[in-house]
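Numbering (the working numbering), first residue to last: 10 to 517.
The following block contains the structure:
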């Protein structure tokens, strides 16, 4: 096993060296766009917008931005992807699309159908291999590289509609794991295809003693639930009693911060955390080095990125693009500013608003942090509170009060002639809501100056409801999202908020 481990380690070090022989970030992105335009020029979308001429322009990036409009999901699906879903080939990407990722995100009730092309699958596998090639930087022993990877996600049992199959992205990937990891992949396709979350978790718990897991991957909330079940099933004190060689947790999908304290209570010794940014639209970025939680954009992997400054000039109060919105390229961004991410991809998304906001932590390294969602922020009277602010305030509140806070959601409400934020916080143990509200309010003012200013004007103290954390999981089961991939919305508005509050009342 040591010989095999050394061979694997040397192999990925070689991949790492090859990956370092790169042009500048701007050059990589220009080449990526030109490649996308060339490969899609014969599609209906490419002919409509003249991709052949754009690719041959003196400045293809500027020509592309001038000619092709920005798209949100409704526009992209309504004008193009609906034809792809109906089975038409060569619509916005070459060939016929055989897989669609079902994604409702955290703010939409109905499922979105995101095309997953063969080229996009290759892109995702390439990014995963690059992420794996960064592991030697973490000084892991050679034996680690032959340990197993437990990937927690959606069911690999896909819905078959004849000319295409649809399901969770993690399920699509689990049904066809990359060749280089197949030998080490757990729970294996048989268990991964179990559609019921509870049944799938039970099967994982039963098989746990037969595996030597070195790496966990998945959304923190679902991975934590899985570890809790394994520990309970086998009567353990912590997960390292059954998986002593567990060393790495590859986290993605949502911020790990709110889960860290309760997650680490399940461990026997510390883990190394590696953040990743894998969306249904593409593998955007991953943490490529120790000492940071920022993630390196994948600039030469079938995706062209643009960045829309997340401000009132470009977005309305609902977080939707204004018709006059302008997008920047990589050269023009600044560190410390929030941007909404646009992607053009080898799955046929063009200047597509993915819905996430990011911030450059290190422009020279093209490293970013996810700061929230374009529709998941609160600014009912000018407080401009982002999900990033909320996560940080929750983490500080958790430490000050010595409690565990796994889940939360918040909304803006009227409070007489003023406004307030109404919070539902999954807290263990449950504590006095006035105390929780007071500490949270102080921490929100500490992390956000606009919030502090409005608290002395139109914004009243937060209305906090401390609830059993299991209520959030019950809601996901109630809404059919107990699946290993769905995220609980950090900000609720409108009908979704009304349904959530009605559900909470039935549990009180």
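The beta carbon of each residue, even a glycine, is placed where N, CA and C say it ideally should be. Here the structure is a predicted model, which means the values were calculated and not measured.
One question on the structure: do residue 492 and residue 485 come within less than 9 Å of each other, judged by their Cβ atoms? Here residue 492 refers to the residue found at position 483 of the chain shown. Here residue 485 refers to the residue found at position 476 of the chain shown. Yes, these two residues count as a Cβ contact at 9 Å.
Does the separation of the CB atoms of residue 413 and residue 471 fall below 9 Å? Here residue 413 is taken as the residue at index 404 of the chain shown, counted from 1. Here residue 471 is taken as the residue at index 462 of the chain shown, counted from 1. Their beta carbons are not under 9 Å apart, which means residue 413 does not touch residue 471 by this criterion.
Specify the secondary structure class of residue 222 as computed by DSSP and reduced to three states. For this step, residue 222 is matched to residue 213 along the chain shown. In this structure, residue 222 counts as strand in the three-state DSSP scheme.
Buried versus exposed call for residue 331 [16 or more other C-beta atoms within 10 Å across all chains shown]: As a first step, residue 331 must be located in the chain shown, where it is residue number 322. Exposed, because fewer than 16 other Cβ atoms sit within 10 Å of the Cβ of residue 331.
How far does the beta strand (DSSP E) with residue 367 in it reach, from first residue to last? Along the chain shown, one-based indexing puts residue 367 at 358. Counting along the chain, residue 367 sits inside the beta strand (DSSP E) bounded by residues 361 to 371.
Quick check: residue 35 and residue 340, are their CB atoms within less than 9 Å of each other? Indexing the chain shown from 1 puts residue 35 at position 26. Indexing the chain shown from 1 puts residue 340 at position 331. Yes, the pair counts as a contact, with Cβ atoms nearer than the cut-off.
In whole angstroms, give me the CA-to-CA distance for residue 144 and residue 59. Position 135 of the chain shown, counted from the first residue, corresponds to residue 144. Position 50 of the chain shown, counted from the first residue, corresponds to residue 59. Answer to the nearest angstrom: the Cα atoms are 42 Å apart.
Just verifying my parser: in three-state terms, what is the DSSP assignment at residue 200? Within the chain shown, the letter at position 191 stands for residue 200. Three-state DSSP puts residue 200 in a helix.
Can you check whether the CB of residue 480 is closer than 9 Å to the CB of residue 435? Position 426 of the chain shown holds residue 435. Position 471 of the chain shown holds residue 480. Yes, they are a contact pair.
Below 8 Å on the Cβ atoms is my guess for residue 225 versus residue 159; work out the distance and round it to an integer in Å. For the purposes of this step, residue 225 is taken as the residue at position 216 of the chain shown. For the purposes of this step, residue 159 is taken as the residue at position 150 of the chain shown. Right, the Cβ-Cβ distance comes to about 5 Å (below 8 Å), so this counts as a contact.
So is residue 256 buried or exposed if we call it buried at 16+ other beta carbons inside 10 Å? Numbered from 1 along the chain shown, position 247 holds the residue referred to as residue 256. Buried, because 16 or more other Cβ atoms sit within 10 Å of the Cβ of residue 256.
Any chance you could list the beta strand (DSSP E) runs of at least 3 consecutive residues sitting entirely within the stretch 100 to 169, in chain order? 108 to 112, 121 to 125, 157 to 160
Taking all protein chains shown into account, do 16 or more other C-beta atoms lie within 10 angstroms of the C-beta of residue 497, making it buried, or fewer, making it exposed? Taking the first residue of the chain shown as 1, we reach residue 497 at position 488. Only buried fits residue 497, as 16 or more other CB atoms lie within 10 angstroms of its CB.
Considering only the alpha carbon of each residue, which of 74, 234, 64, 55 lies closest to residue 416? Residue numbering aside, residue 416 sits at position 407 when the chain shown is read from its first letter. The option with the nearest alpha carbon to residue 416 is 234.
So what does DSSP say about residue 294, is it helix, strand or coil? One-based indexing of the chain shown puts residue 294 at position 285. Taken through DSSP and simplified to helix, strand or coil, residue 294 comes out as strand.
Beta-carbon spacing of residue 49, residue 262 below 9 Å: On the chain shown, position 40 is the one that residue 49 refers to. On the chain shown, position 253 is the one that residue 262 refers to. No, Cβ-Cβ distance for residue 49 and residue 262 is not below 9 Å.
Between 154, 108, 83, which has its C-alpha nearest residue 166's C-alpha? Counting from 1 along the chain shown, the entry for residue 166 is found at position 157. Of 154, 108, 83, the residue nearest in Cα terms is 108.
Cut-off 7 Å between Cβ atoms - residues of its own chain near residue 507, not counting five sequence neighbours on either side: Along the chain shown, one-based indexing puts residue 507 at 498. No residues qualify anywhere along the chain.
Coarse secondary structure for residue 252, derived from DSSP in three states: The residue you call residue 252 lines up with position 243 of the chain shown. In this structure, residue 252 counts as coil in the three-state DSSP scheme.
Using alpha carbons as the reference points, say which of 308, 354, 405, 281 lies closest to residue 147. Here the question's residue 147 lines up with position 138 in the chain shown. When only C-alpha atoms are compared, the closest one is 281.
The alpha helix (DSSP H) spanning residue 267 covers which residue range? Counted from its first residue, the chain shown places residue 267 at position 258. 266 to 273 is the span of the alpha helix (DSSP H), which, as asked, contains residue 267.
Using 8 Å as the cut-off, can you tell me whether the stretch 121 to 131 makes contact with the stretch 344 to 355, which would need three or more C-beta pairs spanning the two stretches below that distance? With three or more CB-CB distances shorter than 8 Å, the stretch 121 to 131 counts as touching the stretch 344 to 355.
Buried or exposed: which applies to residue 267, given that a residue is buried once 16 or more other Cβ atoms fall within 10 Å of its Cβ? Residue numbering aside, residue 267 sits at position 258 when the chain shown is read from its first letter. Burial call: buried.
Using the Cβ count rule (16 or more neighbours within 10 Å means buried), how would you classify residue 244? Here residue 244 is taken as the residue at index 235 of the chain shown, counted from 1. Residue 244 is exposed by the Cβ-count criterion.
Classification of residue 465 by the beta-carbon crowding that lies within 10 angstroms, buried from 16 upward: Within the chain shown, numbered from 1, the residue matching residue 465 stands at position 456. Result: exposed.
Write down every uninterrupted run of the alpha helix (DSSP H) in the stretch 64 to 98 whose length is 4 residues or greater and which is fully enclosed by it, in chain order. 69 to 76, 82 to 85, 91 to 94
Since residue 217 and residue 239 should fall inside the 8 Å C-beta cutoff, what is the C-beta to C-beta distance between them, to a whole number of angstroms? Translated into the one-based positions of the chain shown, residue 217 becomes position 208. Translated into the one-based positions of the chain shown, residue 239 becomes position 230. That belief holds up - the Cβ atoms of residue 217 and residue 239 are roughly 5 Å apart, short of 8 Å.
Do you know offhand how far residue 46's Cα is from residue 205's? One-based indexing of the chain shown puts residue 46 at position 37. One-based indexing of the chain shown puts residue 205 at position 196. Their Cα atoms are separated by approximately 41 Å.
Option in 374, 400, 421, 390 with minimal Cα separation from residue 33: Within the chain shown, residue 33 is the residue found at index 24, counting from 1. Distance check between residue 33 and each of 374, 400, 421, 390 places 374 closest, using alpha-carbon atoms only.
Quick check on the burial criterion: 16 or more other C-beta atoms within 10 angstroms. Buried or exposed for residue 381? Along the chain shown, one-based indexing puts residue 381 at 372. With 16 or more Cβ atoms within 10 Å of its Cβ, residue 381 is classed as buried.
Could you give the residue range of the alpha helix (DSSP H) that holds residue 398? As a first step, residue 398 is located in the chain shown; it is residue number 389 there, counting from the start. That run of the alpha helix (DSSP H) goes 396 to 410.
First and last residue of the uninterrupted beta strand (DSSP E) at residue 174: In the chain shown, the residue the question calls residue 174 occupies position 165. 174 to 176 is the extent of the beta strand (DSSP E) around residue 174.
Would the beta-carbon of residue 376 fall within 9 Å of that of residue 304? Indexing the chain shown from 1 puts residue 376 at position 367. Indexing the chain shown from 1 puts residue 304 at position 295. Yes; because the gap between Cβ atoms is below 9 Å, this pair is in contact.
Please classify residue 185: is it buried, with 16 or more other beta-carbons within 10 angstroms of its beta-carbon, or exposed? Taking the first residue of the chain shown as 1, we reach residue 185 at position 176. So residue 185 counts as exposed.
For residue 230, the nearest candidate out of 269, 192, 111, 327 (CA to CA): Along the chain shown, read from residue 1 onward, the residue named residue 230 stands at position 221. Checking every option, the nearest Cα to that of residue 230 belongs to 269.
Please confirm whether residue 396 and residue 500 have their CB atoms less than 9 Å apart. Residue mapping note: residue 396 aligns to position 387 of the chain shown, counting from 1. Residue mapping note: residue 500 aligns to position 491 of the chain shown, counting from 1. Closer than 9 Å, so yes.
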